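For reference, the structure discussed in these notes is given below.
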Amino acid sequence: MLLEVIDKANDYLWNVILIVLLCGTGIFFTIRLKFIQVRKFGEGCRLVFGHFSMKGKKGGKGEMTPFQSLATAIAAQVGTGNLAGAATALVGGGPGAIFWMWLSAFFGMATIYAEATLAQKYKTVVDGEVTGGPIYYIRAAFKGKFGRVLAAVFAVLIILALGFMGNMVQSNSIGAAFSEVFQARNIDIPPIIIGIILAVIAAFIFIGGTSRLASVVEKMVPFMAGFYIVGSLALILMNITQLPEAIRMIFVGAFSPRAVLGAGAGIAVREAIRYGVARGLFSNEAGMGSTPHAHARATAKNPHEQGLTAMISVFIDTFIILNLTVFSILTSGVLGSGKEGTALTQAAFTSDFGSFGDIFVAICLLFFAFSTILGWHFFGEINAKYLFGRKGAKVYSLLVIVFIIVGSTLKVNLVWSLADFFNGLMVIPNALALLALSGVVVKICKTYSAKGREVRKE
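First residue of the sequence shown: 0, per numbering that gives the first Met the number 0; consecutive thereafter.
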């Protein structure tokens with residue numbers, strides 16, 4: 000009953016409101032910033048891969064080095080959306096959903112540039128600690144009582160969407176992945192045990208605060224991304240002859256799902272768009288208002304440069320990591336096997352890697368999802384402090400630990416539907432503020448782009 004109600008709400012939210020709002024905001028910033036994701040892509044890559052060091056410039060209390068803030072953002076972005084979420088999109092929306100995921104990510108690169116730029120512009124110091132995020136630029140966009148109320152609404156939504164519901168999704172996917180591994184080997188370990196272990200490790204890192212979080216993610220992110228890229232490329236190369244057909248399925252399925260899956264599939268273009276945009280948001284988080292919390296903490300030279308690094312994080316998340324999952328599934332031929340979520344991704348790797356396949360996915364998912372738990376807890380904690388102070392933030396952290404344990408035992412469909420609902424709601428106040436402050440974003444882009452040209456001339 001609850002699942003049906005939430006799914007109906009999601010249908011309206013994702014099929015109408017958010018497709019227009021997310022894609023519209025992305026297109027709007029793409030035009031106003033003159034296709035910055037194309038023009039400044041090379042500069043963004045140089046900032047991320049050329050100038051960042053593992054240490055970078057140290058800042059004050061609450062601040063992170065540029066690499067640490069990027070790693071924290073990517074840790075949050077590269078989670079179950081890249082493994083279980085990609086599989087869910089393929090099952091729910093067909094291969095064509097991936098086309099819409101790509102399109103939303105392309106426009107989302109401009110949106111996330113705006114988010115990170117504004118996060119840097121309006122960051123502040125509270126109780127001696129640097130902080131920032133949508134709650135601060137929402138109040139800058141809308142003065143008076145309306146701005147305060149909208150910021151508070153966003154803060155509540157992000158606590159529910161990421162801290163509670165979102166982290167339930169992460170622990171649920173980890174529990175499901177390891178259950179698949181254990182069942183295949185006749186080992187009886189209930190998912191709640193996995194949830195408890197995750198909660199204990201997470202609690203240890205939560206207690207260490209921002210410095211411990213930054214230290215963990217800056218080491219974890221490069222390792223987990225490299226490990227998954229190597230394994231996925233190996234699988235795709237083993238099935239390279241199927242790659243052209245996989246690409247065809249994506250482009251044809253985007254506009255005619257039944258032409259790819261058959262007339263009896265029951266998937267229309269609407270489902271392809273909805274699942275593509277929804278899972279794309281859950282994966283790269285562009286427009287959601289989550290990653291600005293990390294970008295606000297960076298000791299960046301200027302807001303423009305931090306915006307460019309944020310832009311590249313969407314490219315890494317969607318066009319590299321997520322695509323590897325998609326093509327692993329499509330080239331291995333397991334789509335339509337009746338499996339969904341994590342189990343489908345594991346089936347793809349097991350088809351060629353044998354018994355090692357599901358272990359590989361479970362290990363990758365453990366790192367991906369756990370890093371996201373850390374990032375999302377951090378984002379929610381900032382908003383809990385804003386609403387309830389330090390004592391309230393401690394209560395929030397305890398509740399997150401409880402939700403991690405509970406999430407490992409729930410049915411996957413209910414958890415994903417709840418996450419979609421709350422993720423969707425938090426987009427609305429964030430997008431409104433971005434649009435209201437678009438002039439500020441454009442001015443920053445022009446100012447620092449001009450300064451960059453002057454430096455190069457000298």
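Yeah, the Cβ is synthetic: ideal placement off N, Cα and C, and Gly gets one too.
The model shown is predicted, which means the values in this text are computed figures rather than measured ones.
Buried versus exposed call for residue i [16 or more other C-beta atoms within 10 Å across all chains shown]
i	result
residue 0	exposed
residue 236	exposed
residue 3	exposed
residue 30	exposed
residue 354	exposed
residue 182	exposed
residue 289	buried
residue 185	exposed
residue 210	exposed
residue 176	buried
residue 256	buried
residue 442	exposed
residue 239	exposed
residue 399	buried
residue 446	exposed
residue 123	exposed
residue 243	exposed
residue 18	buried
residue 15	exposed
residue 389	exposed
residue 120	buried
residue 359	buried
residue 53	The pLDDT assigned to residue 53 is 43, lower than 50, so where the model puts this residue is not dependable; a value taken from the coordinates is nonetheless given after this. By the 10 Å Cβ count, residue 53 comes out exposed.
residue 39	buried
residue 247	exposed
residue 143	exposed
residue 41	exposed
residue 421	buried
residue 129	buried
residue 220	buried
residue 165	buried
residue 145	exposed
residue 207	exposed
Sequence-distant residues of the same chain with beta carbon closer than 6 Å to residue i, five excluded per side
i	result
residue 385	134, 154
residue 347	327, 328, 331, 333
residue 47	308, 311
residue 12	423
residue 114	291
residue 140	432, 435, 436
residue 419	9, 277
residue 357	179, 180, 345, 349
residue 163	402
residue 341	83, 172, 175, 176
Other residues of its chain near residue i: CB distance less than 8 Å, five sequence neighbours each side excluded
i	result
residue 89	96, 97, 325, 328, 329, 334, 343
residue 152	428
residue 187	181
residue 147	138
residue 426	17, 20, 21, 280, 286, 287, 288
Close Cβ partners of residue i (< 7 Å) along its chain, the five nearest in sequence each way excluded
i	result
residue 380	392, 395, 396
residue 205	376, 396
residue 339	86, 87, 90
residue 158	379, 382, 383, 395
residue 178	190
residue 222	none
residue 195	404
CB-CB length for residue i against residue j, believed under 8 Å
i	j	result
residue 77	residue 316	6 Å
residue 253	residue 99	6 Å
residue 378	residue 69	At roughly 15 Å, the Cβ-Cβ gap does not stay under 8 Å, so residue 378 and residue 69 are not in contact.
residue 216	residue 118	That belief does not hold up - the Cβ atoms of residue 216 and residue 118 are roughly 18 Å apart, past 8 Å.
residue 293	residue 72	4 Å
residue 286	residue 24	6 Å
residue 5	residue 416	5 Å
residue 112	residue 35	6 Å
residue 132	residue 295	6 Å
residue 22	residue 106	6 Å
residue 108	residue 314	7 Å
residue 81	residue 282	6 Å
residue 103	residue 225	Actually they do not touch by this definition, with Cβ atoms about 26 Å apart.
residue 364	residue 79	7 Å
residue 297	residue 63	6 Å
Using a Cβ distance threshold of 8 Å, determine whether the region 165–175 contacts the region 364–371, with at least three qualifying pairs required. yes
Sequence ranges, beta strand (DSSP E) only - wholly within the region 102–163, length at least 3: 123–125, 128–130
Segments assigned alpha helix (DSSP H), at least 4 residues, entirely inside the region 224–304: 242–252, 256–260, 268–283, 291–295
At least 3 beta-carbon pairs within less than 8 Å: the region 220–238 vs the region 398–413: no
Secondary structure, alpha helix (DSSP H): runs of 4+ residues fully inside the region 364–419: none
Length-filtered (3 minimum) beta strand (DSSP E) runs lying within the region 322–370: none
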